[in-house]
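Trainee: Each residue of the sequence shown is one higher than the one before, counting from 5 in our numbering.
Even glycine gets a Cβ: it sits at the ideal position worked out from N, Cα and C.
Keep in mind that this is a model prediction, so the values were computed, not measured.
Starting off with a structure, shown below.
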Amino acid sequence: MISDYNVTFTAKTPRKVGKISKDLLDNLPPKNRFLAKVIEMKEGDSGLSHSRFAQATATNWLPKAIFARSFADLAEISFLEIFESALFFYLPSLMGEFLSRRKIFSKFLPENLHKSISKPVSEIADTPAAKKLLPVKAGIVLSCAAIPAAEYGLSFAKNLFTQKLFHKADFSNVVNLDKTQKENPEVHERVEKSAISHLKKAGIFSAAAFGASLALASAGQKSKTIQKACEVFLNPGAKIYQQFEKKGVKSKGFKNFLDTYINLDFARKSDGSLALGNGQLAVTVLSGVAGYFDAAKDRGKLEVQEVATRVPVIALYTIFGSTLFDAGFKKLLHKNGKYPEILSDNLKTASLNDIPKIAKQLAGDDKNLYRQKIAELFKGKAVISMVPFLFSLVVVGGLLALISRIWTQYRYNHGVGNANFLEQTQNAQTSFTALKPSKDSPFNVFVK
């Protein structure tokens, strides 16, 4: 139904304010205009980076900030989540598009192939230009290995940040569980040395990957073996699925999953520039998970257990976003016949700028009915777009942060991962031993 409206509507395309049509904004109540801009950011051409930055920051940072247990806890939450979201959603595009593609790797290609570098591997693999494009594409991706390396090191930077600024290295003190705030100098030394060591290693890895990317882009154009390896490197999911096909396993959903998430290539914006790919996001998130756990080990078992409670869930949400909620919600709406004008049978949703076109088809020349239809269609668009996100924010963000906090408090109270609890127990045992009567004392009969 949506495509029918798009085909039959022939009026002049409305002038746009930003990326939202002026016609839509002029016919929306003022209170809905901000929401329209939020939806546009979430679903627009740069929506994958912008919307997921907003979603990840809101979902990861806001609930944890609300439930922060101390100022030090709030500071390191803010440090970690904001820098982490920026690493996930902006640096791949900035490094891949502006630094690597435009400034460095463009020199390895003739000018007529500069725009082709953003095409998917499937579109260029069997073309004459593949021998030049594939090594350069792979080089651009490899040059961005600094992104997952930085994400891995970010948790260690967070530990160092808290240790230097707040002079706290024991997790139970950072989150204000230990009211004595007693710090062990040996823990401070361990946290600092480990953080510096891991950050240096991340830097060395990034530099080595960048050097290898330059060599790959240069030498790869002369070797068919390297060109084939680049094709596999960029989109391993396609090669994996080919092996399944040879064994008689065919599944469109499985193929789409592999092409989407087992794929290191950049996504492509409508203007041909490089954007964040889902596979790149997955690699960065998994690097972050490893960093979370390794850095947590330096500050005690209690933090490791808190990380294990929430990070796997947050990681899955960050990779897949609100896709699962979105798909299920759309199916429910479609099954109940809701918003058929903007929700098609294949669960595709009309864009914001389709709304005036569809409203015009429904209302004809009746201006009052036209405004009414725009309001109705926009309401449906807002429901379809925002409800899954808000549900994810409350459940994945807020509830998980609350559960994590309560569970950590419970474990601390029961001495799990609490260094001071163990120390106090040992002190109590020492005191009891000191109070025991001597070997020859007649009171030994009362002491077992």
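1. Please determine if the region 325–336 and the region 192–212 are in contact, where contact requires at least 3 C-beta pairs separated by less than 8 Å.
2. Contact defined as beta carbons within less than 8 Å: I believe Asp-263 pairs with Ala-242. What is the distance between those atoms, to the nearest angstrom?
3. May I ask you to list the residues that DSSP assigns as paired with Ala-271?
4. Counting Cβ pairs, one atom from each stretch, are 3 or more of them under 8 Å apart for the region 79–96 and the region 161–175?
5. Okay, do the region 317–324 and the region 280–297 touch, 3+ Cβ pairs below 8 Å being the bar?
6. Using beta-carbon positions only, say whether Ala-454 and Glu-187 come within less than 8 Å of one another.
7. Could you give the first and the last residue of the continuous alpha helix (DSSP H) run that contains Asp-77?
8. With a Cβ-Cβ cutoff of 8 Å, do Ile-151 and Leu-95 count as a contact?
9. Going by the CB atoms, is the gap between Phe-102 and Gly-143 shorter than 8 Å?
10. Count the other C-beta atoms from every protein chain shown that fall within 10 angstroms of the C-beta of Ile-359, then say buried if there are 16 or more, exposed otherwise.
11. Note down the Cα distance separating Ala-294 from Ile-362, rounded to an integer number of angstroms.
12. Taking its Cβ as the centre, do 16 or more other Cβ atoms sit within 10 Å of Gly-292, making it buried, or is it exposed?
13. Taking 8 Å as the CB-CB limit, is Thr-412 close to chain B?
14. What ranges does the alpha helix (DSSP H) occupy inside the region 219–263, keeping only unbroken runs of at least 4 residues that lie completely in it?
15. For Thr-493, name the three-state secondary structure that DSSP assigns.
16. Have a look at Ile-24 and Lys-385 and give me their C-alpha separation to the nearest angstrom.
17. Between Phe-71 and Thr-131, what straight-line distance do the alpha-carbon atoms span, to the nearest angstrom?
18. Can you tell me the Cα-Cα spacing of Phe-382 and Ile-208, whole angstroms?
19. Cβ of Ala-299 within 8 Å of Cβ of Ser-159?
20. Helix or strand or just coil, what does DSSP make of Thr-353?
21. Can you say whether Tyr-414 is buried or exposed, counting buried as having 16 or more other CB atoms within 10 angstroms of its CB?
22. Leu-278 and Ser-97: beta carbons closer than 8 Å?
23. In angstroms, rounded to a whole number, what distance separates the CA positions of Phe-248 and Ala-271?
24. Could you tell me the distance, in whole angstroms, from the CA atom of Leu-146 to the CA atom of Leu-218?
25. Would you check if the region 109–125 and the region 346–356 touch, i.e. whether three or more CB-CB distances between them fall below 8 Å?
26. Drop a sphere of 10 angstroms on the beta-carbon of Gly-224, count the other beta-carbons inside from all chains shown, and report buried for 16 or more, exposed for fewer.
27. Tell whether a beta-carbon distance below 8 Å holds between Ala-319 and Val-178.
28. What residues are listed by DSSP as bridge partners for Leu-306?
29. Count the other C-beta atoms from every protein chain shown that fall within 10 angstroms of the C-beta of Phe-237, then say buried if there are 16 or more, exposed otherwise.
30. DSSP three-state call for Leu-32: helix, strand or coil?
31. State the Cα-Cα distance for the pair Lys-371 and Leu-32, rounded to the nearest angstrom.
Mentor: A quick look at the data gives this:
1. no
2. 6 Å
3. Ala-279
4. yes
5. yes
6. What the structure shows of the chain is the stretch from 5 to 452, and residue 454 is not part of that stretch, so it cannot be assessed.
7. 75–93
8. yes
9. no
10. buried
11. 48 Å
12. buried
13. As a matter of chain content, chain B is missing from the structure shown, which is built from one protein chain.
14. 228–238, 240–250
15. Missing from the structure shown is residue 493; the chain here goes from 5 to 452 and no further.
16. 14 Å
17. 55 Å
18. 51 Å
19. yes
20. strand
21. exposed
22. yes
23. 25 Å
24. 9 Å
25. no
26. buried
27. no
28. Note: Leu-306 sits in no beta bridge, so no partner.
29. buried
30. coil
31. 13 Å
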